[in-house]
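Peer 1: The sequence shown begins at 34 in my numbering and counts up one residue at a time. Ideal Cβ positions, reconstructed from N, Cα and C, are used throughout, including at glycine. To start, I am sharing the structure in question, which I have written as structure tokens.
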Amino acid sequence: MNMEELNSACAQDCGNVLCLEHINLNVPSGDVAMDFYCSALGLTRHPYDKVSGSGTIWINVGRQQIHLPRATHPQVVGGCVQLVVPSLAIAVKRLEAAAKGQLLAGTKFRFKKPANGVCVVTGPYGNCYEVQESGALVSGPLAPPGGLGIASVRIRVRVGTSAAIARFYRHVMHARCEAKDGTATVVAGPFSRLVFCECARNGKEGVHDSVPGTDTEAGRGRDEHQAVREGEQEEEEE
34 MNMEELNSAC AQDCGNVLCL EHINLNVPSG DVAMDFYCSA LGLTRHPYDK
84 VSGSGTIWIN VGRQQIHLPR ATHPQVVGGC VQLVVPSLAI AVKRLEAAAK
134 GQLLAGTKFR FKKPANGVCV VTGPYGNCYE VQESGALVSG PLAPPGGLGI
184 ASVRIRVRVG TSAAIARFYR HVMHARCEAK DGTATVVAGP FSRLVFCECA
234 RNGKEGVHDS VPGTDTEAGR GRDEHQAVRE GEQEEEEE
């Protein structure tokens, strides 16, 4: 099944993965993180994150979240997070105000003027974000409710691994996915994708994301390596 078929069908059937609930990024300073996510990007802090008692900040991105646990060293994803917002113009004004106000001076924060409807932003610790207006989405995930959400997380992986990654998600997680041209694309609900792109310079940091499924028993009790091998044999027979 190609991605066009996956996209048209995902509104009715997203496979076992219901959504991309949150991603996790370690940060040394909660104050710097708040300045970036709330003041520069215009997102909001979840009002009940202190209930967990973990010291982790929860940032709301529509119905999804970015979790920011405190750590000595920042976590930098080898790839990029695609955010969709209701208005790119308003988002750019916020970024400009943050830059002019020296709010994040001394950090890695910077952004480029929008090109082809996308504003590329580098966070204070080096993470990459592509900010795009939700109405401009023409392929891939559907626009999220309210026009605000995490459309995709793109992760650089070693050359020659995308097919195996797709088999893992297909046969262990029971997700809808495709491996093509060195890229494995996983449907994470109707509004999000996990995209694994082969690259000679792959990311060194791991990525923590939460993807709840419809079948909590899927893959339980199974050896994941055996499941992937079985899937590989099935695909070769096809």
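(1) Assign residue 111 to one of three DSSP states: helix, strand, or coil.
(2) Using three-state DSSP, classify residue 4 as helix, strand or coil.
(3) Are the CB atoms of residue 162 and residue 114 nearer to each other than 8 Å?
(4) If you compare alpha carbons, which of 222, 233, 234 is closest to residue 97?
(5) With a CB to CB cut of under 6 Å and the five nearest residues on each side skipped, what residues in its chain are close to residue 160?
(6) Going by alpha carbons, who is nearest to residue 69 out of 141, 182, 218?
(7) List the whole-angstrom C-beta distance separating residue 150 from residue 129, where the pair is believed to meet the contact cut-off of C-beta under 8 Å.
(8) Within 8 Å, do at least three Cβ pairs link the region 176-184 to the region 192-202?
(9) Counting C-beta neighbours from all protein chains within 10 Å, is the total for residue 104 16 or more, i.e. buried, or is it exposed?
(10) Would you call the CB atoms of residue 121 and residue 63 closer than 8 Å?
(11) Here's the rule: buried if 16 or more other CB atoms are within 10 angstroms of the residue's CB, otherwise exposed. What is residue 43?
(12) Once DSSP output is grouped into helix, strand and coil, what is the label at residue 78?
(13) From which residue to which residue does the beta strand (DSSP E) around residue 231 run?
(14) I need the DSSP call for residue 62, collapsed to helix, strand or coil.
(15) Please list the terminal residues of the continuous alpha helix (DSSP H) segment that includes residue 132.
(16) Alpha carbon to alpha carbon, how far is residue 51 from residue 132?
(17) Does DSSP classify residue 179 as helix, strand or coil?
(18) Taking Cβ positions, are residue 78 and residue 56 nearer each other than 8 Å?
(19) Confirm, please, whether the CB-CB distance from residue 116 to residue 164 is below 8 Å.
(20) Reducing DSSP to helix, strand and coil, say where residue 204 ends up.
(21) Below 7 Å CB to CB, which residues in the same chain sit around residue 76 once its five sequence neighbours on both sides are set aside?
(22) Quick one, are the C-beta atoms of residue 67 and residue 99 less than 8 Å apart?
(23) Starting from the C-beta of residue 72, find all residues in its chain whose C-beta is less than 7 Å away, skip the five residues before and the five after it, and write them out in chain order.
Peer 2: Short version:
(1) coil
(2) The shown model of the chain, from 34 to 271, leaves out residue 4, and the question about it has no answer.
(3) yes
(4) Considering only alpha carbons, the answer is 222.
(5) If we look at residue 160 and ignore the five residues flanking it on each side, its Cβ neighbours are 109, 110.
(6) 141
(7) 17 Å between Cβ atoms; not a contact.
(8) no
(9) exposed
(10) No, Cβ-Cβ distance for residue 121 and residue 63 is not below 8 Å.
(11) Confidence at residue 43 is low in this model, with a pLDDT of 47, below 50, so its placement is unreliable and no value can be given for it.
(12) DSSP, read as helix, strand or coil, puts residue 78 in strand.
(13) 226-231
(14) Here residue 62 sits in coil by DSSP.
(15) Looking at the DSSP string, the run of the alpha helix (DSSP H) that includes residue 132 is 121-133.
(16) 37 Å
(17) helix
(18) no
(19) Yes, Cβ-Cβ distance for residue 164 and residue 116 is below 8 Å.
(20) helix
(21) 70, 92, 93, 94
(22) no
(23) 131, 136
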